[in-house]
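Its first residue numbered 21, the sequence shown is counted upward by one per residue in this note's numbering. As structure tokens, the structure follows; a few thoughts come after it.
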Amino acid sequence: MIRLHYKNPRGSLVSWRIISVLLLTGCDKPPDTGVVCPAFLPAMVANQQTGSPEHTRDSNRSYRQLSWAYYLDNRQAAPLFDPPLDAFPVALSAAENVSINTHIAHRLPRYEALFRRIAESHQIDWRLLAAISYQESHWSPRARSPTGVRGMMMLTLTTAREVGVRNRLDVEQSVRGGARYLNRIHDRLPESIREPDRTWIALAAYNVGMGHVYDARDLTLQAGGNPDKWHDLRFHLLLLEQSWWYRQTRYGYARGSEPVRYVENIRLFYQHLQQPQILAQSD
């Protein structure tokens, strides 16, 4: 793929995706094309073209606002960023349905009482705790990843020490440690974040770290979105995979698609576990 670059008045390189916004949103297209022109676009484009002091001072912010607005208004017609949000699951696949139902029937009965007991002591819905554990390990106490995280809740050594887990392969210690760690993150988030967004954002931080979540919140705010809403925040987590965006942040690059997929999967598993007829399989 050919990547075009344009040097703005501050001397930084702007990727072809951002320039494509300026090229594609001239607001001279007929209405039947399905392309929506943001209300503030004409003044912003004029500002980009004049090289005024305002442009020199605020060019990065202007490009972010412009590209974000164009994406939201035209995501169905011409999405600008990879991976697009519609690449993430909105329902369990047939294979995943079979997999989770099999695990509900054969593994969940061993651990349901434990999930219920620990979830109650930490004021978490036990089905959410079970959904997190399923995403992490498919309820396998000896699960291990190539990066060294282990156990039912796949805790790192650092996190395990932080929450008082001595043996990550001990089921109760792992589940209790994961619940404790999630609660700590949940409590550290700004009070302005309400449920259910608070839980989804806490889960993203559980996966990718609080620093990257705050970076995504900054990008969301600068783009005119609502950083307290998971729907807005998840888009900006994706942008942390792109150099033009993560270079503007404090904590830099992150595999932003991973926490988005992580949270969306847990939401689907949680929804699945809320169906009475599904849990009846584990009785």
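A virtual CB, placed ideally from N, CA and C, is assigned to each residue, including glycine. Note that the coordinates shown come from a computational prediction; the quantities given were computed from them, not determined experimentally.
Mind checking whether residue 238 and residue 245 have CB atoms under 8 Å apart?
no
Going by DSSP, name the residue or residues bridged to residue 175.
Paired residue(s): 170.
In this structure, how does DSSP classify residue 127 when only helix, strand and coil are distinguished?
Coil at residue 127, not helix or strand.
Mind checking whether residue 126 and residue 158 have CB atoms under 8 Å apart?
no
Would you please verify whether the beta carbon of residue 200 is less than 8 Å from any beta carbon of chain C?
Looking at the structure shown, chain C is missing, and only one protein chain is on hand.
Mind reading off the beta-carbon distance from residue 208 to residue 173? Whole number of angstroms is fine, and I expect it under 8 Å.
That belief does not hold up - the Cβ atoms of residue 208 and residue 173 are roughly 18 Å apart, past 8 Å.
Output yes or no for whether 8 Å exceeds the beta carbon distance between residue 201 and residue 234.
no
Quick one: grab the DSSP three-state call for residue 164.
strand
Which residue marks the beginning of the alpha helix (DSSP H) containing residue 240, and which one marks its end?
Looking at the DSSP string, the run of the alpha helix (DSSP H) that includes residue 240 is 230-242.
Quick one: give me the first and last residue of the alpha helix (DSSP H) that residue 198 is part of.
Start and end: 191-208.
For residue 183 and residue 176, what's the separation of their Cα atoms in angstroms?
11 Å
Between residue 69 and residue 180, what straight-line distance do the alpha-carbon atoms span, to the nearest angstrom?
Reliability fails at residue 69, whose pLDDT of 43 lies under 50, so the model's placement of it is uncertain and no value is given.
What are the boundary residues of the alpha helix (DSSP H) that residue 150 is part of?
Run containing residue 150: 146-157, per the alpha helix (DSSP H) assignment.
Please report the straight-line C-alpha distance between residue 187 and residue 131, rounded to a whole angstrom.
17 Å
Using the beta-carbon count (16 or more within 10 Å), is residue 110 buried or exposed?
exposed
If we ignore side chains and look at the alpha-carbon of each, how far apart do residue 290 and residue 114 end up?
17 Å
Between 190, 248, 194, 287, which lies nearest to residue 214 when the distance is taken from Cα to Cα?
248
From residue 270 to residue 260, what does the alpha carbon distance come to, in whole angstroms?
Straight-line Cα distance between these residues: approximately 11 Å.
So, for residue 292: in the same chain, excluding its five sequence neighbours on each side, which residues have a beta-carbon less than 7 Å away from its beta-carbon?
112, 120, 298
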